[in-house]
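**Student:** Sequence lines, in order, name chains A and B.
The opening residue of the first sequence carries number -13 in this note's numbering; numbering runs sequentially from there.
The opening residue of the second sequence carries number -13 in this note's numbering; numbering runs sequentially from there.
Protein chains: 2
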Amino acid sequence: MKKNKIGTYSFVAEPFHVDFTGHLHWSVLGNHLLNCAGFHAMERGFGMAEVNQNNYTWVLSRLAIEMNEMPEQYEEFCIDTWVENVYRLFTDRNFAIYGKSDGKIYGYARSVWAMINMATRKPADLLDLHGDSLLDFIETEKPCPIEKPGRIRVGESMPVRTLGVCYNDIDLNGHVNSIRYMEHITDLYPVDWYVSHRIRRFEMVYVAESYAGDNLSFFREETVDGSHDIEVRKNTGGENPEGEVVCRSKLKFDNK
Amino acid sequence: MKKNKIGTYSFVAEPFHVDFTGHLHWSVLGNHLLNCAGFHAMERGFGMAEVNQNNYTWVLSRLAIEMNEMPEQYEEFCIDTWVENVYRLFTDRNFAIYGKSDGKIYGYARSVWAMINMATRKPADLLDLHGDSLLDFIETEKPCPIEKPGRIRVGESMPVRTLGVCYNDIDLNGHVNSIRYMEHITDLYPVDWYVSHRIRRFEMVYVAESYAGDNLSFFREETVDGSHDIEVRKNTGGENPEGEVVCRSKLKFDNK
């Protein structure tokens, strides 16, 4: 049976997955998005387990989530996911998040993935390798009316926070979980900030991995358009004062 | 239709809910247990929403989880939960965690709950208030072959870690989520520790709430029987050097 191009998965906002305002945590949503990407790809023959067998692995390069509002405690919601485009080195996967009963759109997300060879860590040619199966599933009709992730530059040189990588940060791949950075970034703001602000858009750009024993420093600056740009660098100071960029993020807040 | 005394809920160990060894995180399991408690009570008329209507709320007092092994990534498992006993001020709720397909027992858990008046914060008399419905559901046949939570004393006066309470720590009740302490406690050990050790038993005793702006200090000592006893105190130093005890924990490790 030929699978639909669009995969749909449903969720409920569990009580311990909402913040003090009763809305789903961004990191929990991020986690759900990655799970949906995994299910969708697996069900269509190009999931992590399948590509691992050929010594390749999917790597998340960018993620942009934009939410008009967040599901509240006990609300049931669905996530649609589909492949928008396949290029030589990247593929674009989109998401729509909406109410299960009323179809109300909560928001959308865009992600960009690369595939790398697990031995050489070099990018694979998606058209060569998986062109057939991937191209079969490109969905061009379904809209994803949010901007693509853009460029993020942070000039600030004083970190707002420095954290050692902990046990709970590390996933099965042995590096800090992509979504965990989102959690640490939301924790850069005091609880009071979220009384008067909500995040509208959350962008992540993943540059390098970090591991147990690494120290992560978070640099933040406000841009002219009011967004907050954040850069996470590992192991700054010492022999290499600048450290190494791990990821960058851009947050756009609404006043409540 | 009369509900069974035992509620059964099924789960899968999601890829981002396992640690670097591929086993379910203790905090994720703790979260599932509390969700099961909530579902079971709600389905039988004494859930959080129902008791809140009368200005009461359930408070978790103790939790002890003992696992022969932890589910691995993608494994499907079930959690049974039932009320073992109802006393004037406390009720005992137990859990069994087992494989969905083969019934293999992963482990058991015990929890102790009180009900308090939301206005006065004073404990309610469970037999007076909810005797009828609660007593109806006491299940005495089903075994829970692990020890009850015991006494935990920590004499150590130098903290191993101090953390400010962050946005992601706080749940809808406005205080640090019970399970979040478990996560912070597992993070007291370096990643390498978990290469050679696994947690067999995790006990939590909840004493007081902590809030945004609090500083949590973690004190740890090893006891003669080899367990690790941990005390979490808030806002030590300053006018009240001892701070205030928030919770205590006892961890028992197996060597791998």
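For every residue, glycine included, the Cβ atom is placed at its ideal position computed from N, Cα and C.
I'd like to know whether the C-beta atoms of residue 112(A) and residue 101(A) end up nearer to each other than 7 Å.
**Tutor:** yes
**Student:** Can you tell me which of the three DSSP states residue 243(B) falls into?
**Tutor:** Residue 243(B) lies beyond the stretch modelled for chain B, which goes from -13 to 242, so this question has no answer here.
**Student:** Suppose you measure from the CA of residue 170(B) to the CA of residue 133(A); what does that come to, to the nearest Å?
**Tutor:** Going from the Cα of residue 170(B) to the Cα of residue 133(A) covers about 36 Å.
**Student:** Taking buried to mean at least 16 other C-beta atoms within 10 Å of its own C-beta, is residue 12(A) buried or exposed?
**Tutor:** buried
**Student:** What's the gap between the Cα of residue 53(A) and the Cα of residue 15(A)?
**Tutor:** Here the alpha carbon of residue 53(A) sits roughly 11 Å from the alpha carbon of residue 15(A).
**Student:** Should residue 185(B) be flagged as near chain A, meaning a C-beta pair shorter than 7 Å?
**Tutor:** no
**Student:** What's the gap between the Cα of residue 70(B) and the Cα of residue 46(B)?
**Tutor:** 15 Å
**Student:** Whole-angstrom Cβ separation of residue 97(B) and residue 31(B), contact assumed at under 8 Å?
**Tutor:** Taking a contact as a CB-CB distance under 8 Å, the pair residue 97(B) and residue 31(B) does not count as one, their CB atoms being some 19 Å apart.
**Student:** Name, please, each residue of chain C whose Cβ falls closer than 7 Å to the Cβ of residue 173(A).
**Tutor:** Reference to chain C is not applicable here, since the protein chains of this structure are A and B.
**Student:** For residue 177(A), which residues in chain B fall below 7 Å Cβ to Cβ?
**Tutor:** Within 7 Å Cβ-Cβ: 153, 156 and 198.
**Student:** Compare the Cα-Cα distances from residue 220(B) to each of 62(B), 210(B), 192(B) and 237(B) and report the closest residue.
**Tutor:** 192(B)
**Student:** Suppose the cutoff is 8 Å on Cβ atoms and the five residues either side in sequence are ignored; what does the same chain contact list for residue 197(A) look like?
**Tutor:** Within the same chain, residue 197(A) has close Cβ partners 151, 156, 160, 161 and 162.
**Student:** In three-state DSSP terms, what is residue 209(A)?
**Tutor:** coil
**Student:** Under a Cβ-count criterion, where at least 16 other Cβ atoms within 10 Å of its own Cβ denotes burial, should residue 42(A) be classed as buried or exposed?
**Tutor:** buried
**Student:** How long is the line joining the alpha carbons of residue 143(A) and residue 205(A), rounded to whole angstroms?
**Tutor:** Cα to Cα, residue 143(A) sits roughly 7 Å from residue 205(A).
**Student:** Could one say the Cβ of residue 220(A) lies closer than 7 Å to chain B's Cβ atoms, at least one of them?
**Tutor:** no
**Student:** Since residue 51(B) and residue 22(B) should fall inside the 8 Å C-beta cutoff, what is the C-beta to C-beta distance between them, to a whole number of angstroms?
**Tutor:** Not quite, the Cβ-Cβ distance comes to about 12 Å (not below 8 Å), so this is no contact.
**Student:** Using the Cα positions of residue 167(A) and residue 202(A), report the straight-line distance between them to the nearest angstrom.
**Tutor:** 10 Å
**Student:** Could you check which residue in -7(A), 18(A), -6(A) and 214(A) has the C-alpha nearest to that of residue 140(A)?
**Tutor:** 214(A)
**Student:** Which residues, taken in chain order from the stretch 14 to 46 of chain B, show a beta carbon closer than 7 Å to some beta carbon of chain A?
**Tutor:** Result list: 17, 20, 21 and 24.
**Student:** Please list, in chain order, the chain A residues whose beta carbon lies closer than 9 Å to that of residue -2(B).
**Tutor:** Neighbours of residue -2(B) on chain A: none; closest Cβ ~10 Å, over 9 Å.
**Student:** Taking residue 59(B) as the reference, give the member of 77(B), 231(B) and 1(B) with the closest Cα.
**Tutor:** 1(B)
**Student:** What separation, rounded to the nearest whole angstrom, lies between the Cα atoms of residue 128(B) and residue -5(B)?
**Tutor:** 16 Å
**Student:** Tell me, please, which residues DSSP counts as bridged to residue 234(B).
**Tutor:** The beta-bridge partner set that DSSP reports for residue 234(B) consists of 191(B) and 217(B).
**Student:** Would you say residue -13(B) reaches chain A, if we count a Cβ-Cβ gap shorter than 7 Å as a contact?
**Tutor:** Residue confidence is low: residue -13(B) scores 47 on pLDDT, short of 50, so the model does not pin down where it sits. Its coordinate-derived value is still stated next. Interface flag for residue -13(B) against chain A is unset, since no Cβ pair is found closer than 7 Å.
**Student:** Can you tell me which of the three DSSP states residue 240(B) falls into?
**Tutor:** DSSP, read as helix, strand or coil, puts residue 240(B) in strand.
**Student:** Going straight from the alpha carbon of residue 27(A) to that of residue 194(B), what length do you get?
**Tutor:** The straight-line gap from Cα to Cα measures roughly 45 Å.
**Student:** Can you give the Cα-Cα distance for residue 122(B) and residue 231(B), rounded to whole angstroms?
**Tutor:** 36 Å
**Student:** Assign residue 189(A) to one of two classes, buried (16 or more other C-beta atoms within 10 Å of its C-beta) or exposed (fewer than that).
**Tutor:** With 16 or more neighbouring CB atoms inside 10 Å of its own CB, residue 189(A) falls in the buried class.
**Student:** What does the alpha-carbon distance come out to for the pair residue 137(A) and residue 109(A)?
**Tutor:** Rounded to whole angstroms, residue 137(A) and residue 109(A) show a C-alpha spacing of 21 Å.
**Student:** Threshold first: 4 residues or longer. Then list the alpha helix (DSSP H) segments lying entirely within the stretch 30 to 84 of chain B, N to C.
**Tutor:** The DSSP assignment places complete alpha helix (DSSP H) segments of no fewer than 4 residues inside the stretch 30 to 84 of chain B at 34 to 39, in order along the chain.
**Student:** Can a CB atom of chain B be found closer than 7 Å to the CB of residue 238(A)?
**Tutor:** no
**Student:** What separation, rounded to the nearest whole angstrom, lies between the Cα atoms of residue 222(B) and residue 158(B)?
**Tutor:** 26 Å
**Student:** Taking CB distances under 7 Å as the criterion, tell me whether residue 160(A) reaches chain B.
**Tutor:** yes
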